[in-house]
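Some notes on the structure that comes next.
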Amino acid sequence: MTVARGPPGRPSSGLLGCWRRRPALGFGAKVGIAIALGLSFAIIWTSVSPTSSSQQISTERSSFAAEVAAPPTASHNRAAAGGDSGSGGHAHRKPRPVPHSHKKRHPAPSGSHSHPHPSNVTSSPDTTAAKDDHSEPALVTDPEPKEEQEPDMEMEPEQEAELPMPEQGGDNSGKAPAEEDEEKPPQLELEDEPNEVDGEEDDPEAAKRKAPSKKRKLPPLFSPGARYHWKLCGANSGYHYIPCVDFDGDGRQRHHERSCQRSPVTCLVSLPKEYKQPAPWPERKDKVWYGNVGHPRLSNYVKGHNWLNHSGEYLMFPPDEWEFKGSARHYVESIDEMAPDIDWGKNIRIILDVGCKSAGFGIALLEKDVITLSLGLTNDQTDLAQVALERGIPATVGSLGSRRLPFPSGAFDAIHCGECNIPWHSNGGKLLLEINRILRPGGYFIISSRSADLESEEGISASMTALCWNAIAYNSDDVSEAGVKIFQRPVSNEVYDLRAKKDPPFCKEEQNKASAWYTNIKHCLHKAPVGIEERGSDWPEEWPKRLESFPEWLGETETRVASDHNHWKAVVEKSYLDGLGIDWSNIRNIMDMRAVYGGFAAALASKKVWVMNVVPVHAADTLPIIYERGLIGVYHDWCEPFSTYPRSYDLLHADHLFSRLKIRCKQPVSIVVEMDRILRPGGWAIIRDKLEILDPLETILKSLHWEIVMTFRKDKEGIMSVKKTTWRP
């Protein structure tokens, strides 16, 4: 094909008639064309791109066996926790046994009347020396345009550039949140939850008197446009870092009391280089991977004790060895002979073991259906509570100092202190007053030691006399070479009137015995419950009947507890055990991050697992009900890190935890960071919540390289089954 060509720069003669030089476009025309193209692109992009609300979660299932909506919620009425009013329709009560009359039933303690709450308590002065590397910027977010906010609404700006940012003008003292009145429970405004407060819907006059209030629109809990870039905690943090407890992660320096930094921790705790998955239960109670828990101080401790030994890659626990000579099984049987009323596993179900060491006491009691919660003290430099958790034994970390422990009053059937070396008689027996608060009336305090200290013996005896505790048994065992003493808390108040000296005095009515979060120990004695409407006026049913036996003091709350029990029993059986892709043979340590009545834990009671029930401090105080059912738990504020070691749990259960954060944390993403810290690699999380929470939460979990195994959504609710990997930045 030939093409004719004309002079250079000119079209050929054949095209000359079609070619004309057009005038150049003006500036305004060019701008108009650019705007038109931009608008066209925006319209096309909007029509073909899904919004965040309609975006489907990955690995989504089309059906699910159980409901995903929230179960029946707890009442904020005090009756929910065994308060000062009960159902008036009960015509009788069980007879109260005489203290230590060799009957199998004993009365128990009074109920909690209000929510645990922060108080005006000053933390350890060491807080100011806290490391800055735990609050370094670990997460960057995209700027987001601000939504219109009401003038009286305090909201965090959506366009914060980095997380975390120190509070402007604030200090880093780590003081507990202050309240005007230490004994007054927090007053919370609950939106979209009218069924959380009993009585209002039944009182139309009260509804009329209630002034109408404009509903405040809260911002999204997680910024939808955030981008997450994670960092490891500083070099001093180590593998075993516990925020609010450690200055340094290796435990070289610790706070005397729980003390948290102002800025939330958003860095990730590093993983031991030799970390391996724990063995399935019950194999893990006899041996654990040393690389998972090992550090120099533990290595030195192992060399001087025969109840554990380092053999190759394992830390081994010979079954016939523990703190005392002879086996822990022999020790438990000797206590049973000293006090037959104890009746392990029936009359006595829940025990607190103070000063966690070998955890052999708790393991021996597992055979008798007793659940023992080991309290690892913060001054334990060998981190034996972490070893207990690695073995699959219930444990938590706390301190016996100036503050109360995070347990409700009258929670434990018995408390054990075996060679724990705690000066119970010091400071006027103040620590024994806290033991008196959390022990059931009629409950037992068991203390044992190899070496008898005359001064301590006399001091403890004097303190017990002041508390009117009855010394019911003493024995020096030839096999264990330990002296064992068993005391019993009084079941009534008449014995206190016989004291020659009224010291300690009775607590005043406003000195709430239920308050346990950042609350100082009071130098006073709480009375035993006496009325039928008070929790603890009768001892619970024998285990396992107490799990499904609802006491009279629950009143109308009994219906809610029963409904919660049936709900979770169906959910666990129909979907959790088979429908989430979880290998339950590798699950032992479980945490319910927002327990209400303990229904989830009760549904798993027949399995070879244990559940730590966490009741948030700003929720209804239902933890006493959980203990009454023979289950364990603690109070906690999820705006702060939990008092446990990294990699403590095999499974986390979060049912509508995030959407119930009515009082917003400074940075809610720090809760996800804490979940990453306390869950072991290969561990699972079951998260049920609103879709407006789950959609951005999936993005956060993917940025942490968690595996999204299963999702399901229905209406505005959804559920995710996710698995943590070994990824670290």
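Residue numbers (the numbering used here): 43 to 771.
Every residue, glycine too, gets a C-beta built ideally from N, C-alpha and C.
is_contact[residue i, chain B] using C-beta, thresh 7 angstroms
i	result
H298	Reference to chain B is not applicable here, since this structure consists of a single protein chain.
Neighbour-count burial assignment, residue i, 16 or more Cβ in a 10 Å radius
i	result
G766	As written in the sequence, residue 766 is Lys, which differs from the Gly given in the question. Buried.
K399	buried
T601	exposed
L181	Its pLDDT being 48, under 50, L181 is placed unreliably by the model, and the measurement read from it follows with that caveat. By the neighbour-count rule (16 or more Cβ atoms within 10 Å), L181 is buried.
V73	exposed
A494	exposed
S627	exposed
R269	exposed
P450	buried
P771	exposed
G354	exposed
K527	buried
P49	Its pLDDT being 44, under 50, P49 is placed unreliably in this model, and the value from its coordinates should be taken loosely. With fewer than 16 Cβ atoms within 10 Å of its Cβ, P49 is classed as exposed.
N348	exposed
E676	Per the sequence presented here, residue 676 reads as Val, with Glu not at that position. Buried, because 16 or more other Cβ atoms sit within 10 Å of the Cβ of V676.
P113	buried
D757	exposed
K564	buried
K555	buried
A570	buried
N421	exposed
V521	exposed
S518	exposed
G573	exposed
S579	buried
T308	buried
A558	buried
Backbone secondary structure at residue i - three-state DSSP
i	result
K611	helix
H695	strand
N351	strand
E461	coil
F454	strand
H660	coil
L509	helix
A268	strand
D679	coil
K273	coil
L431	helix
D382	In the sequence as displayed, the identity of residue 382 is Pro instead of Asp. In the structure shown, P382 sits in a helix (DSSP, three-state: H, G or I).
R671	coil
G485	strand
P338	helix
P206	With a pLDDT of 34 at P206, under the threshold of 50, the predicted position of this residue should be treated as unreliable, though the coordinate-derived value follows. Three-state DSSP puts P206 in coil, outside helix and strand.
P723	strand
L665	helix
I480	helix
One or two residues paired with residue i in a DSSP bridge
i	result
Y777	Residue 777 lies beyond the range of the chain shown here (43 to 771); nothing can be said about it.
M633	M654 and L694
R730	D697 and I761
G418	V439
E749	K765
E102	T753
H467	Answer is none; H467 lacks a bridge partner.
S490	G460 and V526
D395	S416 and H458
V330	L357
N562	R445
R296	D288
I735	DSSP output for I735 lists no bridge partner at all.
I390	W386
Cβ distance (whole Å) where residue i is taken to contact residue j below 8 angstroms
i	j	result
T664	V657	6 angstroms
W386	K650	That pair is no contact at about 19 angstroms.
A504	F366	So it is not a contact: roughly 26 angstroms between Cβ atoms.
I502	W466	5 angstroms
E670	R755	Not quite, the Cβ-Cβ distance comes to about 36 angstroms (not below 8 angstroms), so this is no contact.
L736	G760	5 angstroms
| Would you call the segment 716 to 735 and the segment 338 to 350 in contact, with 3 or more CB pairs under 8 angstroms? | no
| Three or more C-beta pairs closer than 8 angstroms, one from the segment 684 to 699 and one from the segment 727 to 739: is that the case here? | yes
| Do the segment 676 to 687 and the segment 641 to 651 meet, that is, are 3 or more Cβ pairs less than 8 angstroms apart? | no
| message | Would the segment 399 to 416 count as touching the segment 534 to 548 if we require 3 or more Cβ pairs under 8 angstroms? | response | no
| message | Taking 8 angstroms as the cut-off, does the segment 410 to 424 touch the segment 434 to 448 (at least 3 CB pairs, one atom from each stretch)? | response | yes
| request: Tell me, please, whether the segment 479 to 489 touches the segment 452 to 460 by the rule of three or more beta-carbon pairs shorter than 8 angstroms. | output: yes
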